[in-house]
Amino acid sequence: MRREAIDVRVALLGYGTVGAAVHRLLEEQGDEIERATGHRLRVVRALVRDTARERGFSPDAGVLTTDFAAVRDDPAIGLVAEVMGGLEPAGEYVLELLRGGTPVVTANKQLLARRGPELFEAAAAGAVQLRFEASVCAAIPVIKVLRESLVASNVHRVLGIVNGTTNFILSAMEAGSTYGEALAEAQRLGYAEADPAEDVGGLDAAAKTAILATVAFGSRVPVEWVDVEGIEGVTREHVAAARAMEMHVKLVARATLVDERVDVRVGPALVDSHHPLAAIEGAFNAVMLQGDAIREITLEGPGAGGLETASAVVADMVSIVGTTGTGFLQNDPVWRDLEQLPAGELTSPWYLRLEVEDRAGVLARLAHELAAEGVSVARLVQQPGDGHAVLHVVTHEAPQGGLERALAAIRSLPESRGGVSALPVVSDRGIEDLGWA
Ligand SMILES: NC(=O)c1ccc[n+]([C@@H]2O[C@H](COP(=O)([O-])OP(=O)(O)OC[C@H]3O[C@@H](n4cnc5c(N)ncnc54)[C@H](OP(=O)(O)O)[C@@H]3O)[C@@H](O)[C@H]2O)c1
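Be aware that the sequence shown starts at -4, since it is given in this note's numbering, and climbs by one per residue.
Right under this line is the structure:
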């Protein structure tokens, strides 16, 4: 016999692209949610700046409000989704709600990455859940997979393409556009903001990487630990050199556990065309998880968009109503205190682009400077430049610190013509499999 559904009164902080889509999903999928949980989630309040604005999915009369107190002080509201964005006032609002005993779902990566400890403390004080699936890669359920499905898998590496704007731009550059043309196209199609700095500079990906690392390793990883480089310096030449070596330039997010220490970075990398991340085209996202018990799992899907993000927000709401009072899953994913891997200790194969004088003996000097820092060359391709030579070098696995010292020595050689750059290489294949041995 079917039981009567229990109503849960829901408030949204924000009713923009994501907020309106959350309301729409709750309405359109209401029967499905009720079958799954026995609850009917009803949006009774939505905080906005301007109640007169036209909305994508219209709420009932009286739902929109500009007064946060109308949400905070209504004891009948059992669940809130923060989908307004920004650090303030969103941060203060979420803290007040949690402390007051209202569970919160948020899509706000910057808020979570920058104020995670405070937020989870407030959730503990209020004895309520704070869930944040939508803050990383929108529709891709990576937080849930890490926290629930892989709870016993000892995940030690997370690799991802977590920013669709930059992936779209790099894909367009591969198809022949310049960086400027690709960015303009991304803006025209709505993939890039009018001010694209947070995306192209890597800061959006850095916040997501800090959250992923925190959840994957169970230790607080502050966003300040993330070594960030954007894609502004990527040229068509980098892209062409990568293609010539059967690789693709991607903005790669990486979180690695090395001897119980954490390395987190975001930056352009050359991805081997056989690697799962190489196939991620356009505005799509993907996250690869590697762990002891699972080898690897790659999740792929849309990393942005109103409905896509809303699907993750609604899934978190459903999890909250379904697990309240059961004690299932601790709230804060953090259970230990790991240190940061010192800068320079992470090892990787590297791609180097070097401009040098085109004369006898230069290659031997370069190889000597690299070898002196323990960096050995796996592949070298020489192209004639304008009165000089451009060398494309792929190294075997080497620590970043040694590589940087070798590059500094190479820059100061009299044969150097400037133009020294290095990018990590992402490949699961050894040099022999790559055909370079
Ligand atoms: N859009 C995506 O694809 C996507 C993907 C992943 C995560 N997210 C995250 O989801 C969140 C929402 O994004 P969105 O695209 O839906 O943003 P949006 O369209 O700009 O909507 C923001 C909403 O918040 C309201 N708001 C903003 N500041 C406010 C304030 N000080 N007081 C009261 N209301 C305020 C706005 O009110 P008005 O409508 O009156 O202006 C609007 O309804 C952000 O944290 C974003 O990072 C978005």
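Where a beta carbon is used, it is the ideal one built from N, C-alpha and C, also for glycine.
Buried/exposed call for residue i, threshold 16 Cβ in 10 Å
{"i": "residue 2", "result": "exposed"}
{"i": "residue 14", "result": "buried"}
{"i": "residue 82", "result": "exposed"}
{"i": "residue 330", "result": "exposed"}
{"i": "residue 163", "result": "buried"}
{"i": "residue 212", "result": "buried"}
{"i": "residue 344", "result": "buried"}
{"i": "residue 363", "result": "exposed"}
{"i": "residue 378", "result": "exposed"}
{"i": "residue 376", "result": "exposed"}
{"i": "residue 112", "result": "exposed"}
{"i": "residue 128", "result": "buried"}
{"i": "residue 124", "result": "buried"}
{"i": "residue 70", "result": "exposed"}
{"i": "residue 84", "result": "exposed"}
{"i": "residue 146", "result": "exposed"}
{"i": "residue 144", "result": "exposed"}
{"i": "residue 110", "result": "buried"}
{"i": "residue 432", "result": "Residue confidence for residue 432 is low, a pLDDT of 49 falling below 50, so the modelled location carries little weight; the figure read from the coordinates is stated next. The residue is exposed, with fewer than 16 neighbouring Cβ atoms inside 10 Å."}
{"i": "residue 155", "result": "buried"}
{"i": "residue 325", "result": "exposed"}
{"i": "residue 423", "result": "exposed"}
{"i": "residue 194", "result": "buried"}
{"i": "residue 262", "result": "buried"}
Closest by C-alpha distance to residue i, when choosing among the options
{"i": "residue 73", "options": "317, 350 and 186", "result": "317"}
{"i": "residue 137", "options": "192, 365, 204 and 256", "result": "204"}
{"i": "residue 228", "options": "241, 415 and 207", "result": "415"}
{"i": "residue 382", "options": "371, 197, 344 and 351", "result": "351"}
{"i": "residue 99", "options": "343, 61, 312 and 40", "result": "312"}
{"i": "residue 419", "options": "264, 299, 280 and 398", "result": "264"}
{"i": "residue 268", "options": "255, 239, 76 and 16", "result": "239"}
{"i": "residue 365", "options": "335, 339 and 400", "result": "400"}
{"i": "residue 198", "options": "338, 29, 260 and 304", "result": "260"}
{"i": "residue 10", "options": "55, 114 and 24", "result": "55"}
{"i": "residue 280", "options": "262, 248, 189 and 188", "result": "248"}
{"i": "residue 184", "options": "59, 120, 167 and 75", "result": "167"}
{"i": "residue 226", "options": "178, 242, 209 and 182", "result": "178"}
{"i": "residue 310", "options": "61, 140 and 67", "result": "140"}
{"i": "residue 254", "options": "152, 298, 29 and 275", "result": "152"}
{"i": "residue 390", "options": "76, 402 and 380", "result": "402"}
{"i": "residue 412", "options": "353, 370 and 119", "result": "353"}
{"i": "residue 237", "options": "417, 0, 23 and 144", "result": "417"}
{"i": "residue 437", "options": "159, 303 and 182", "result": "Because the chain spans -4 through 432 in this model, residue 437 falls outside it and cannot be assessed."}
{"i": "residue 258", "options": "216, 275, 94 and 108", "result": "216"}
{"i": "residue 148", "options": "291, 34, 68 and 272", "result": "291"}
{"i": "residue 206", "options": "244, 328 and 262", "result": "328"}
{"i": "residue 150", "options": "208, 286, 76 and 68", "result": "286"}
{"i": "residue 40", "options": "320, 156 and 67", "result": "67"}
{"i": "residue 433", "options": "384, 355, 33 and 47", "result": "Any property of residue 433 remains undetermined from this structure, which presents the chain solely from -4 to 432."}
{"i": "residue 335", "options": "282, 31, 209 and 27", "result": "209"}
Residue i - partner residues in DSSP beta bridges
{"i": "residue 345", "result": "419"}
{"i": "residue 279", "result": "297"}
{"i": "residue 154", "result": "249 and 283"}
{"i": "residue 74", "result": "5"}
{"i": "residue 335", "result": "257"}
{"i": "residue 377", "result": "386"}
{"i": "residue 393", "result": "343"}
{"i": "residue 447", "result": "For the chain, the structure presents residues -4 to 432; residue 447 sits outside this window and is missing."}
{"i": "residue 34", "result": "1"}
{"i": "residue 100", "result": "76 and 126"}
{"i": "residue 350", "result": "385"}
{"i": "residue 291", "result": "285"}
{"i": "residue 68", "result": "The partner list for residue 68 (beta bridge, DSSP) is empty, contrary to what the question assumes."}
{"i": "residue 265", "result": "244 and 420"}
Anticipated Cβ contact below 8 Å, residue i with residue j, distance rounded
{"i": "residue 186", "j": "residue 278", "result": "5 Å"}
{"i": "residue 361", "j": "residue 405", "result": "6 Å"}
{"i": "residue 288", "j": "residue 134", "result": "Not quite, the Cβ-Cβ distance comes to about 26 Å (not below 8 Å), so this is no contact."}
{"i": "residue 36", "j": "residue 5", "result": "5 Å"}
{"i": "residue 38", "j": "residue 21", "result": "6 Å"}
{"i": "residue 12", "j": "residue 301", "result": "4 Å"}
{"i": "residue 93", "j": "residue 59", "result": "Wrong, their Cβ atoms sit about 23 Å apart, outside the cutoff."}
{"i": "residue 244", "j": "residue 349", "result": "Not quite, the Cβ-Cβ distance comes to about 17 Å (not below 8 Å), so this is no contact."}
{"i": "residue 392", "j": "residue 319", "result": "Wrong, their Cβ atoms sit about 47 Å apart, outside the cutoff."}
{"i": "residue 132", "j": "residue 25", "result": "The Cβ separation is near 26 Å, so there is no contact."}
{"i": "residue 398", "j": "residue 421", "result": "Not a contact, Cβ separation roughly 16 Å."}
Test: residue i CB closer than 9 Å to a CB of chain B
{"i": "residue 43", "result": "Looking at the structure shown, chain B is missing, and only one protein chain is on hand."}
Cβ-heavy atom distance, residue i to ligand 3, below 8 Å
{"i": "residue 278", "result": "As for ligand 3, it is missing from this structure, which binds only ligand 1."}
Identify every run of the alpha helix (DSSP H) within the region 137 to 186, keeping only runs that are complete inside it and at least 4 residues long; order them along the chain. For the region 137 to 186, whole alpha helix (DSSP H) runs of length 4 or above, ordered along the chain, are 159 to 169 and 174 to 183.
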